[in-house]
Amino acid sequence: MSTHAFTIDDLKRILHTSAGVPEGVDFDGDILDTAFDSLGYESLALLETCGSIEREFKVSIDDDTLTITDTPRTLLRLVNHQLVAPSAS
Amino acid sequence: MGQATVVTGVGVTAPNGLGAKEYWAATRAGRSGIGPITRFTADGYPSRIAGEVPGFVAEEHLPSRLIAQTDRMTRLALLAADWALADAGITPEELPEFDAGVITASSSGGFEFGERELRNLWSKGGAHVSAYQSFAWFYAVNTGQISIRHGMRGPSGVVVSDQAGGLDALAQARRQIRKGSRVIVSGGVDASICSWGWVAQLAAGRLSTSDDPERAYLPFDAAAGGHVPGEGGAILVLEDAEAARSRGARLYGELAGYAATFDPAPHGGRPPGLRRAIELALDDARLAPEDIDVVFADAAAVPELDRAEAEALSAVFGPRGVPVTAPKTMTGRLHSGAAPLDVVAALLSIRDRMIPPTVNVSPDQAYGLDLVTGRPRSADVHTALVVARGQGGFNSAVVVRRAE
Numbered sequence: 014m015s016t017h018a019f020t021i022d023d024l025k026r027i028l029h030t031s032a033g034v035p036e037g038v039d040f041d042g043d044i045l046d047t048a049f050d051s052l053g054y055e056s057l058a059l060l061e062t063c064g065s066i067e068r069e070f071k072v073s074i075d076d077d078t079l080t081i082t083d084t085p086r087t088l089l090r091l092v093n094h095q096l097v098a099p100s101a102s
Numbered sequence: 004m005g006q007a008t009v010v011t012g013v014g015v016t017a018p019n020g021l022g023a024k025e026y027w028a029a030t031r032a033g034r035s036g037i038g039p040i041t042r043f044t045a046d047g048y049p050s051r052i053a054g055e056v057p058g059f060v061a062e063e064h065l066p067s068r069l070i071a072q073t074d075r076m077t078r079l080a081l082l083a084a085d086w087a088l089a090d091a092g093i094t095p096e097e098l099p100e101f102d103a104g105v106i107t108a109s110s111s112g113g114f115e116f117g118e119r120e121l122r123n124l125w126s127k128g129g130a131h132v133s134a135y136q137s138f139a140w141f142y143a144v145n146t147g148q149i150s151i152r153h154g155m156r157g158p159s160g161v162v163v164s165d166q167a168g169g170l171d172a173l174a175q176a177r178r179q180i181r182k183g184s185r186v187i188v189s190g191g192v193d194a195s196i197c198s199w200g201w202v203a204q205l206a207a208g209r210l211s212t213s214d215d216p217e218r219a220y221l222p223f224d225a226a227a228g229g230h231v232p233g234e235g236g237a238i239l240v241l242e243d244a245e246a247a248r249s250r251g252a253r254l255y256g257e258l259a260g261y262a263a264t265f266d267p268a269p270h271g272g273r274p275p276g277l278r279r280a281i282e283l284a285l286d287d288a289r290l291a292p293e294d295i296d297v298v299f300a301d302a303a304a305v306p307e308l309d310r311a312e313a314e315a316l317s318a319v320f321g322p323r324g325v326p327v328t329a330p331k332t333m334t335g336r337l338h339s340g341a342a343p344l345d346v347v348a349a350l351l352s353i354r355d356r357m358i359p360p361t362v363n364v365s366p367d368q369a370y371g372l373d374l375v376t377g378r379p380r381s382a383d384v385h386t387a388l389v390v391a392r393g394q395g396g397f398n399s400a401v402v403v404r405r406a407e
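Residue numbers (this note's numbering), protein chains in the order written: chain E, 14 to 102; chain C, 4 to 407.
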């Protein structure tokens, strides 16, 4: 389990390397509540991005969850929930 | 509908020039783009030189969203398509989306991307394979990415027949124009100069093992010993002639004839199919052999294949009956990109009334070819024949003609 929380800066960094930066959007501004669709990231870009997050933060994001993850804020919440959740053992 | 199909735009990414203008300037001057491989460490392989496209920095031309999901091959194809459309003066976004389509040829797909992801799969596991591997490596990816980038949702597809595919794609584009499509973006761009792509090409046993860029690729020369592979190719914009004229487009020329044949099984005693492909393409264009002003040869540089091509040309045109050239001696063989690039060279030969040279070659007189070597030859070129063969028995031929 990673020791630090998953932040919007982490997400931007991973989006950048996994899927590139969208055009015509202020990517450096506040995008927490901007839908991934509006940012220009389609489902495949999200799939690739979530794969990177899973590997780096040792979390698991299943496909069903992915379909209801529409904004950066919901994705952050989902990942951080797993990061702080007590382990089953 | 007039039924004639014309070329109104060209985009080139070639080892001896990035952009049609640079490619043509280099080709006219006999300047080669063949040299030692720089894209991977080739020291341990029996063949170590190639035609690499110089000076291409994808980030200067494409958005980062596309860089993340594309192989080098697709990046080169996207740039060539952008240039071809701009050259034609067409903004696809302004056309009805189903009026324009994309038909390209491919012979290997995005090998470099695929190699990296297979490495990840093998060394780290399936979770480390990019989601973009689902399409970035495969044959149809150039067609798909060009179509998405420009919103062209008309008839689209990909043709896979090795080097002949570049002509087969243009022919398929012509069919779709005849059926009523307004614009088809077509041609081919290949790029697989990576260690995986290299061993795949080596396996075919046709690569030159010379380390001298000026002696490595010598089609129709007694010293021929295989070819040098290259990357890149050309994308062309095809339109119905009447529609193109009515919008005031500049016409590079007409795609006047085409045919494809398949070689018979080896050792059966039946003749190879190339001669028939050439004759059928001439018939299709309603032209006689004496109407052809120049032939852009396939130029395999494997003695047996050179002989077959020379015999086919002599049979159709008579010994030394037509000027023959192979500017691909300056680029290497570009697989699906080779023949579309030759078509561009043929159209520019028509425009500039001259035939570009075959470089480095001292023709073996036994072939009976009038090979244009050394320097360009002035000629009032109205029609040109472009020949391409693909490994496995594919033969294709295209006739282009000055648009009157």
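All C-beta atoms, glycine included, are put in the ideal place defined by N, C-alpha and C.
Notebook entry, point to check: From C/P322 to C/E25, what distance separates their C-alpha atoms?
Noted result: Walking along the second sequence from the start, residue 322 of chain C turns up at place 319. Walking along the second sequence from the start, residue 25 of chain C turns up at place 22. Each residue's alpha carbon lies about 34 Å from the other.
Next item on the list: Taking all protein chains shown into account, decide if C/E55 is buried (16 or more other Cβ within 10 angstroms of its Cβ) or exposed.
Entry: Here residue 55 of chain C refers to the residue found at position 52 when the second sequence is read from its first residue. Counting Cβ neighbours within 10 Å, C/E55 comes out buried, since at least 16 surround it.
Margin query: Below 8 Å on C-beta distance, what does C/I70 contact in chain E?
Written below: Counting from 1 along the second sequence, the entry for residue 70 of chain C is found at position 67. For C/I70, the chain E residues whose C-beta falls within less than 8 Å of its own C-beta are G33, listed in chain order.
Notebook entry, point to check: Cβ of E/M14 less than 7 Å from any chain C Cβ?
Noted result: Within the first sequence, residue 14 of chain E is the residue found at index 1, counting from 1. For E/M14, the predicted model reports a pLDDT of 48, less than 50, meaning its position is unreliable and no value from the coordinates is stated.
Check: In angstroms, rounded to a whole number, what distance separates the CA positions of C/R392 and E/V34?
Finding: Your numbering for residue 392 of chain C matches position 389 in the second sequence. Your numbering for residue 34 of chain E matches position 21 in the first sequence. Pairing C/R392 with E/V34, the inter-Cα distance amounts to about 42 Å.
Checklist line | 7 Å Cβ cutoff met for C/D243 and C/I187 | finding: Here residue 243 of chain C refers to the residue found at position 240 of the second sequence. Here residue 187 of chain C refers to the residue found at position 184 of the second sequence. In this structure, C/I187 does not lie closer than 7 Å to C/D243 by Cβ.
Next item on the list: Going by DSSP, name the residue or residues bridged to C/H230.
Entry: By one-based count along the second sequence, residue 230 of chain C stands at place 227. Beta-bridge pairing links C/H230 to C/L210.
Check: Cα separation between C/A172 and C/H131?
Finding: Taking the second sequence and counting its residues from 1, the one referred to as residue 172 of chain C is at position 169. Taking the second sequence and counting its residues from 1, the one referred to as residue 131 of chain C is at position 128. Going from the Cα of C/A172 to the Cα of C/H131 covers about 35 Å.
Notebook entry, point to check: So what does C/Q148 bridge to, in DSSP terms?
Noted result: Stepping through the second sequence from its first residue, residue 148 of chain C is reached at position 145. Beta bridge pairing from DSSP links C/Q148 with no other residue.
Notebook entry, point to check: Three-state secondary structure (DSSP) at C/I106?
Noted result: Numbered from its first residue, the second sequence carries residue 106 of chain C at position 103. Residue state, collapsed to three classes: strand.
Notebook entry, point to check: Looking at the C-beta of C/A32, does it have a partner C-beta in chain E at a distance below 7 Å?
Noted result: What you label residue 32 of chain C is simply residue 29 of the second sequence in a count that begins at 1. Under the Cβ criterion of 7 Å, C/A32 is not counted among the residues facing chain E.
Next item on the list: Report yes if the C-beta distance between C/F223 and C/D309 is below 7 Å; otherwise report no.
Entry: Taking the first residue of the second sequence as position 1, residue 223 of chain C is located at position 220. Taking the first residue of the second sequence as position 1, residue 309 of chain C is located at position 306. Yes, the pair counts as a contact, with Cβ atoms nearer than the cut-off.
Notebook entry, point to check: Distance, Cα to Cα, C/L388 vs C/Y261?
Noted result: Translated into positions along the second sequence, residue 388 of chain C becomes position 385. Translated into positions along the second sequence, residue 261 of chain C becomes position 258. About 9 Å.
Next item on the list: Would you kindly check if the distance between the Cβ of C/F59 and the Cβ of C/L88 is under 7 Å?
Entry: Within the second sequence, the letter at position 85 stands for residue 88 of chain C. Within the second sequence, the letter at position 56 stands for residue 59 of chain C. Taking 7 Å as the cut-off, the beta carbon of C/L88 is found no closer than this to the beta carbon of C/F59.
Margin query: So that I know if they touch, is there some Cβ in chain E lying closer than 7 Å to that of C/S399?
Written below: Position 396 of the second sequence, counted from the first residue, corresponds to residue 399 of chain C. False, the Cβ-Cβ gap to chain E never drops below 7 Å.
Margin query: In this structure, how does DSSP classify C/T73 when only helix, strand and coil are distinguished?
Written below: Within the second sequence, numbered from 1, the residue matching residue 73 of chain C stands at position 70. In the structure shown, C/T73 sits in coil (DSSP, three-state: anything other than H, G, I, E or B).
Next item on the list: Could you give the DSSP three-state label for E/E36: helix, strand or coil?
Entry: Mapped onto the first sequence, residue 36 of chain E falls at position 23. Coil at E/E36, not helix or strand.
Next item on the list: Figure out for me which residue from C/Q368, C/S164, C/A341, C/P158 has the closest Cα to the Cα of C/G183.
Entry: Residue numbering aside, residue 183 of chain C sits at position 180 when the second sequence is read from its first letter. That would be C/P158, whose Cα lies nearest to the Cα of C/G183.
Check: Applying the criterion that 16 or more other CB atoms from any shown protein chain within 10 Å of the CB defines a buried residue, is E/S56 buried or exposed?
Finding: The residue labelled residue 56 of chain E in the question sits at position 43 within the first sequence. E/S56 comes out exposed.
Checklist line | Residue burial classification, C/P366 (beta-carbon count within 10 angstroms, cutoff 16) | finding: One-based indexing of the second sequence puts residue 366 of chain C at position 363. Looking at its Cβ environment, which holds 16 or more other Cβ atoms inside 10 Å, C/P366 is buried.
Next item on the list: Starting from C/A134, trace the beta strand (DSSP E) both ways and give me its first and last residue.
Entry: The residue you call residue 134 of chain C lines up with position 131 of the second sequence. Neither: C/A134 is in no beta strand (DSSP E) and is coded neither H nor E.
Next item on the list: Count the C-beta pairs between the segment 288 to 303 of chain C and the segment 340 to 356 of chain C that are closer than 8 Å, then say yes if the count reaches three, no if not.
Entry: Yes, since at least three Cβ pairs between the segment 288 to 303 of chain C and the segment 340 to 356 of chain C fall closer than 8 Å, the two stretches touch.
Notebook entry, point to check: Taking buried to mean at least 16 other C-beta atoms within 10 Å of its own C-beta, is C/I331 buried or exposed?
Noted result: In the second sequence, the residue the question calls residue 331 of chain C occupies position 328. Here residue 331 of chain C turns out to be Lys, not Ile, going by the sequence shown. Per the 10 Å Cβ criterion, buried.
Next item on the list: Take C/S164 as the anchor and find which of C/R289, C/A84, C/I149, C/S111 has the nearest alpha-carbon.
Entry: Along the second sequence, read from residue 1 onward, the residue named residue 164 of chain C stands at position 161. Nearest of C/R289, C/A84, C/I149, C/S111 to C/S164, Cα basis: C/S111.
Check: Below 7 Å between beta carbons: does that hold for C/G154 and C/P66?
Finding: The sequence position of residue 154 of chain C within the second sequence is 151, counting from 1. The sequence position of residue 66 of chain C within the second sequence is 63, counting from 1. Not a contact, by the Cβ cut-off of 7 Å.
Next item on the list: Return the bridge partner residues of C/I37 from the DSSP annotation.
Entry: To locate residue 37 of chain C, count along the second sequence from 1; it is residue 34. According to DSSP, C/I37 bridges with C/G54.
Checklist line | Residues near C/D287 in its chain [Cβ-Cβ closer than 7 Å; skip 5 each side] | finding: Translated into positions along the second sequence, residue 287 of chain C becomes position 284. Cβ within range, chain order: G260, Y261, A262.
Check: According to the neighbour-count rule (16 or more other Cβ atoms, all chains shown, within 10 Å of its Cβ), is C/Q148 buried or exposed?
Finding: Your numbering for residue 148 of chain C matches position 145 in the second sequence. So C/Q148 counts as buried.
Item checked: Exposure of C/Q368, with buried meaning 16 or more beta-carbon neighbours within 10 Å -> Taking the second sequence and counting its residues from 1, one reaches residue 368 of chain C at position 365. It is exposed - the Cβ of C/Q368 has fewer than 16 other Cβ atoms within 10 Å.
Margin query: Checking 7 Å against the spacing of the C-beta atoms, do E/T62 and E/L89 come in under that value?
Written below: Your numbering for residue 62 of chain E matches position 49 in the first sequence. Your numbering for residue 89 of chain E matches position 76 in the first sequence. For E/T62 and E/L89, no; Cβs fall outside 7 Å.
Checklist line | Span of the beta strand (DSSP E), counted from its first residue to its last, around C/G393 | finding: Mapped onto the second sequence, residue 393 of chain C falls at position 390. It spans 386 to 393 - the beta strand (DSSP E) in which C/G393 sits, taken as one unbroken run.
Margin query: Is it buried or exposed, E/V97, if we count other Cβ atoms within 10 angstroms and call 16 or more buried?
Written below: Position 84 of the first sequence, counting from 1, holds the residue named residue 97 of chain E. It is exposed - the Cβ of E/V97 has fewer than 16 other Cβ atoms within 10 Å.
Next item on the list: Please name the residue in C/Y220, C/N398, C/R68, C/A315 whose C-alpha comes closest to that of C/T361.
Entry: Locating residue 361 of chain C in the second sequence gives position 358, counting from the first residue. Checking every option, the nearest Cα to that of C/T361 belongs to C/Y220.
Checklist line | Residues from the segment 64 to 84 of chain E in contact with chain C, defined by Cβ distance under 8 Å | finding: G64, E67, R68
Notebook entry, point to check: In chain order, what residues of the same chain have a beta carbon less than 7 Å from the beta carbon of E/A58, not counting five sequence neighbours either side?
Noted result: Counted from its first residue, the first sequence places residue 58 of chain E at position 45. Only A32 meet the Cβ criterion.
Checklist line | the segment 237 to 251 of chain C / the segment 187 to 203 of chain C touching (three or more Cβ pairs under 8 Å) | finding: yes
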